[in-house]
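Here's the structure, in structure tokens; my notes come after.
Written out as structure tokens, the structure reads:
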């Protein structure tokens, strides 16, 4: 008897990291797969900027949307195409996790508002607090009520999509995480980053950060590793594996 082929995880690559990081650490998709504990045979990386069409969703175990150095408000054709595709994924019951740009794109795709954060750029290791809904959420409920996470963004979700549930916030960003339905999440922070990565980002943008009154050297000193990022990614992968696809006739749920 032939065993079933595992359903693949689709990693939507929305851009690349800094060249200096890519040369020695790999790229966004590598960090995501490593944090989630996914092997090469379990994943399919979809380079949205390079591929002419996005793949069919039939049979996908889940979708993880990476960060990007592009802004959602630029409305790039490849980004808008991915937004429409994400709507199909969510409506079809395919689990989705959007990270940073992916978080913002998921909100934009479903009618939320994305724009420059009025506080400016948020970079470094920061504190985030779960809402009441976040503390019982299937994905984020495994975290402490307050936790440290790595941030590197200029834009934010300023208004959640209709019907979305806010899960986490901090003083800088009122929508650090949200959920649409039961299987789609957006997180503004970077669970795939570690202290080395965020230090390099802070150093790269030190001039812009200093111009808005921040101390880049203090942000670099405060950067710290945290296993909770990988816990979120691996938890998402475990949830995806525990759910059957809608075509199998199982209702959404853990």
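In my numbering, the protein residues as written are 1 to 254.
Idealized CB from N, CA, C, for every residue including glycine.
- Judged by DSSP in its simplified three-state form, residue 28 adopts helix.
- The secondary-structure analysis by DSSP pairs residue 129 across a beta bridge with 146, 169.
- Under the three-state reduction of DSSP, residue 15 is assigned to coil, being neither helix nor strand.
- The three-state reading of DSSP puts residue 75 in coil, since its state is none of H, G, I, E or B.
- DSSP links residue 43 through a beta bridge to 9.
- The count of Cβ pairs closer than 8 Å, one atom from the segment 236 to 243 and one from the segment 46 to 62, reaches three, so the stretches are in contact.
- The segment 199 to 215 and the segment 167 to 177 do not touch, with fewer than 3 CB-CB distances between them shorter than 8 Å.
- Judged by DSSP in its simplified three-state form, residue 243 adopts coil rather than helix or strand.
- Contact annotation: residue 190 and residue 151 have beta-carbon atoms nearer than 8 Å.
- Annotation for residue 129: 146 place their beta carbon closer than 6 Å to its own, counting only its chain and skipping 5 residues before and after.
- About 6 Å separates the beta carbons of residue 10 and residue 46, which is inside the 8 Å limit, making them a contact pair.
- Between residue 131 and residue 179, the gap from beta carbon to beta carbon reaches 8 Å or more.
- The residue among 194, 199, 217 with its C-alpha nearest the C-alpha of residue 228 is 194.
- Secondary structure note for residue 155: it is in no alpha helix (DSSP H), and the uninterrupted beta strand (DSSP E) holding it is 155 to 159.
- In this structure, the CA atom of residue 109 is about 33 Å from the CA atom of residue 224.
- Residue nearest to residue 114 within the set 196, 123, 103 is 103 (criterion: CA-CA distance).
- Your pair residue 78 and residue 126 does not check out as a contact, with CB atoms roughly 30 Å apart and the cut at 8 Å.
- Under the three-state reduction of DSSP, residue 116 is assigned to strand.
- Inter-residue distance for residue 97 and residue 105 is about 11 Å (C-alpha atoms, whole angstroms).
- Rounded to whole angstroms, the separation of the alpha carbons of residue 236 and residue 139 is 6 Å.
- Each of 161, 81, 57 was checked against the Cα of residue 14, and the nearest Cα belongs to 81.
- C-alpha of residue 25 to C-alpha of residue 198: approximately 12 Å in a straight line.
- Bounds of the alpha helix (DSSP H) holding residue 206 are 206 to 211.
- With contacts defined by Cβ atoms closer than 8 Å, residue 17 and residue 27 form a contacting pair.
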